[in-house]
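If you're matching positions, the sequence shown starts at 1 in the numbering used here and goes up one per residue. Glycine included, each C-beta is placed from N, C-alpha and C at the ideal position. To start, the structure under review is shown below, and the notes come after it.
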Amino acid sequence: RLTRMRDEDNFVSGVAMHHIDQLKLCVFFGEYAQARTHIQETDKVLQALMGTPFTAEFCFFGFLALAAVLPDMSSADKKATWKRLTKQHKQMKKWAAYAPVNFLHCQLLMEAEFARLSGKSQQAADLYEQAIRTAHAHEYVDGEALSHELAATFYLNRNMETIASAYLKEARACYAQWG
Numbered sequence: 001r002l003t004r005m006r007d008e009d010n011f012v013s014g015v016a017m018h019h020i021d022q023l024k025l026c027v028f029f030g031e032y033a034q035a036r037t038h039i040q041e042t043d044k045v046l047q048a049l050m051g052t053p054f055t056a057e058f059c060f061f062g063f064l065a066l067a068a069v070l071p072d073m074s075s076a077d078k079k080a081t082w083k084r085l086t087k088q089h090k091q092m093k094k095w096a097a098y099a100p101v102n103f104l105h106c107q108l109l110m111e112a113e114f115a116r117l118s119g120k121s122q123q124a125a126d127l128y129e130q131a132i133r134t135a136h137a138h139e140y141v142d143g144e145a146l147s148h149e150l151a152a153t154f155y156l157n158r159n160m161e162t163i164a165s166a167y168l169k170e171a172r173a174c175y176a177q178w179g
């Protein structure tokens with residue numbers, strides 16, 4: 001049906017929005033492998049959404065999904081994905097420079113994930129905290145929740161269950177507030 005909408009009805013922007021919404025759901029539910037499918041489909045039609053807020057959402061959530069699965073990729077895929085992540089981070093940094101209230105927490109969370117992937121644990125921990133505080137200060141409850149959740153995952157992967165539990169509790173409270 002989506003293919004028909006794209007090809008026959010020329011409703012490319014609707015198809016792109018659908019895949020971005022599905023990507024966001026995949027990230028929120030930790031379905032990162034499925035998220036890659038929506039990234040690939042959005043890549044085909046993203047041009048239809050240039051200049052809209054959807055491109056920033058795609059940049060951010062696409063980054064998070066790919067960062068989550070990067071360690072499990074082949075060497076060739078890792079190299080190409082790292083290049084893409086770098087490009088997405090550079091774009092988010094530009095948006096954050098012009099509209100920090102809207103995008104700084106996203107930039108900080110992306111930087112936390114880069115630090116995590118690079119084995120810079122202390123830097124990652126600091127950046128998760130900065131992302132949480134910035135999202136909270138700018139009233140992005142969903143961004144705050146996601147930042148807490150990714151920080152919790154970071155600590156769980158380091159076998160620091162007590163700290164991870166505190167972050168998960170905060171993430172749950174934010175998700176409940178967000179609705």
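Rounding to the nearest angstrom, what Cα-Cα distance links residue i and residue j in this structure?
| i | j | result |
| --- | --- | --- |
| residue 85 | residue 79 | 10 Å |
| residue 169 | residue 27 | 19 Å |
| residue 19 | residue 70 | 21 Å |
| residue 120 | residue 59 | 23 Å |
| residue 175 | residue 142 | 7 Å |
| residue 110 | residue 37 | 21 Å |
| residue 47 | residue 165 | 41 Å |
| residue 179 | residue 145 | 11 Å |
| residue 75 | residue 67 | 14 Å |
| residue 163 | residue 157 | 11 Å |
| residue 118 | residue 22 | 28 Å |
| residue 130 | residue 105 | 8 Å |
| residue 99 | residue 93 | 10 Å |
| residue 126 | residue 15 | 38 Å |
| residue 13 | residue 29 | 24 Å |
| residue 35 | residue 114 | 19 Å |
Count the other CB atoms within 10 Å of the CB of residue i; is the residue buried (16 or more) or exposed (fewer)?
| i | result |
| --- | --- |
| residue 101 | exposed |
| residue 161 | exposed |
| residue 51 | exposed |
| residue 181 | Residue 181 falls outside the range modelled here, since the chain spans only 1 to 179, and no answer is possible. |
| residue 122 | exposed |
What distance in whole Å lies between the Cβ atoms of residue j and residue i, which are believed to be in contact at a cut-off of 8 Å?
| i | j | result |
| --- | --- | --- |
| residue 124 | residue 154 | 6 Å |
| residue 147 | residue 135 | 6 Å |
| residue 103 | residue 56 | 7 Å |
| residue 62 | residue 88 | 7 Å |
- [ ] Could you tell me which uninterrupted alpha helix (DSSP H) segments, each at least 4 residues in length, are contained entirely in the region 97–122, listed from first to last along the chain?
- [x] 100–117
TODO: Could I get the ranges of all uninterrupted alpha helix (DSSP H) runs contained in the region 17–102, with 4 residues as the minimum, in chain order?
DONE: Those alpha helix (DSSP H) runs which fall completely within the region 17–102 and span 4+ residues are 32–45, 53–69 and 75–98.
Task: Every unbroken beta strand (DSSP E) within the region 116–161, with a cutoff of 3 residues, ordered by chain - done: none
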